[in-house]
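Mapping of the sequence shown onto numbering that gives the first Met the number 0: position 26 corresponds to residue 25, and the numbering continues sequentially without gaps.
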Amino acid sequence: MSLHKANVNSQRVLPMIASRCQKLFCYTQFWRHRILEVASDPEYKDYTFAIADEDEFGKFLVDLGLDDSGNEINVGLYDTKKRRYAMDTDDEFSVEGLRDFLQDFKDGNLKPIIKSQPKPKDNDGPVRIIVGNTFDKEVRQTEKNVLLEIYAPWCGHCKKLEPVYKKLGKKYKDSDSVLIAKIDGTQTTCQWRYKQRAFPPYS
0 MSLHKANVNS QRVLPMIASR CQKLFCYTQF WRHRILEVAS DPEYKDYTFA IADEDEFGKF
60 LVDLGLDDSG NEINVGLYDT KKRRYAMDTD DEFSVEGLRD FLQDFKDGNL KPIIKSQPKP
120 KDNDGPVRII VGNTFDKEVR QTEKNVLLEI YAPWCGHCKK LEPVYKKLGK KYKDSDSVLI
180 AKIDGTQTTC QWRYKQRAFP PYS
């Protein structure tokens with residue numbers, strides 16, 4: 000197992016991000032021994048457990064939607080595909096609750112947190128605008144063949160390609176079988192579905 004039980008501290012969070020194992024982040028400097036009760040279970044030998052100070056690693060709370068939870072202890076999980084899950088904040092933290100959270104994850108009962116921009120009110124342009132909350136419906140579940148650009152607003156290559164991509168969108172605007180679309184890769188969590196190494200990737 001990846002946890003060094005005798006020396007668990009917030010500095011171990013960053014090296015763990017690049018590992019391939021499941022990553023469980025517990026944002027607190029307390030309850031270490033209680034967490035170790037779960038971490039030492041052979042059932043979770045493929046998981047990395049880490050404890051972090053929320054003042055130093057607050058960005059993870061934001062990513063997990065836990066920055067306004069008001070709880071002293073927050074728990075989130077990152078899986079091997081970079082999907083994120085947050086433990087229910089309605090109940091006070093407990094070892095039993097942590098075990099239930101992990102079991103729900105193993106059973107596939109948890110829904111990943113989706114980072115998304117608001118759904119566009121006007122989406123009648125030649126290139127369909129996709130956001131995190133519309134990704135499954137408009138890209139994965141449609142019967143159309145979808146060409147999807149994952150772009151970044153600051154990307155020079157994306158900006159140069161925009162007029163060409165828009166022209167392509169106009170060509171297939173009324174097509175029943177082809178959809179030309181784009182999604183802001185900096186404002187969504189769809190990247191875990193694809194091996195994105197640079198902007199702009201196409202899928």
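Cβ atoms here follow ideal geometry from the backbone N, Cα and C, with glycine treated the same way.
Judged by beta-carbon spacing, residue 75 lies within the 7 Å limit of residue 85, meaning their Cβ atoms are closer than that value. For residue 98, the enclosing alpha helix (DSSP H) begins and ends at 94-105. For residue 34, the enclosing alpha helix (DSSP H) has its first and last residue at 31-38. Only residues of its own chain outside the window of five on either side were considered, and among them 94 have a CB closer than 7 Å to the CB of residue 36, listed in chain order. Around the beta-carbon of residue 137, 16 or more other beta-carbon atoms lie within 10 Å, marking it buried.
DSSP, read as helix, strand or coil, puts residue 52 in coil. Taken atom to atom, the span from the alpha-carbon of residue 150 to that of residue 156 is near 9 Å.
Counting along the chain, the unbroken alpha helix (DSSP H) around residue 155 starts and ends at 155-170.
For residue 133, the number of other beta carbons within 10 angstroms of its own is at least 16, and it is reported as buried. Around the beta carbon of residue 71, fewer than 16 other beta carbons sit within 10 angstroms, so the residue counts as exposed. The residues 76, 84, in chain order, have a CB closer than 7 Å to that of residue 104 in the same chain once the five nearest residues on each side in sequence are set aside. Secondary structure of residue 123 (DSSP, three-state): coil. In this chain, the alpha helix (DSSP H) harbouring residue 61 covers 57-62. For residue 85, the enclosing beta strand (DSSP E) starts and ends at 83-85. Here the C-alpha atom of residue 143 lies approximately 5 Å from the C-alpha atom of residue 176. Taking 7 Å as the cut-off, the beta carbon of residue 168 is found closer than this to the beta carbon of residue 126.
Residue 179 and residue 117 have their C-alpha atoms roughly 20 Å apart. CA-CA distance, residue 135 to residue 148, rounds to 15 Å.
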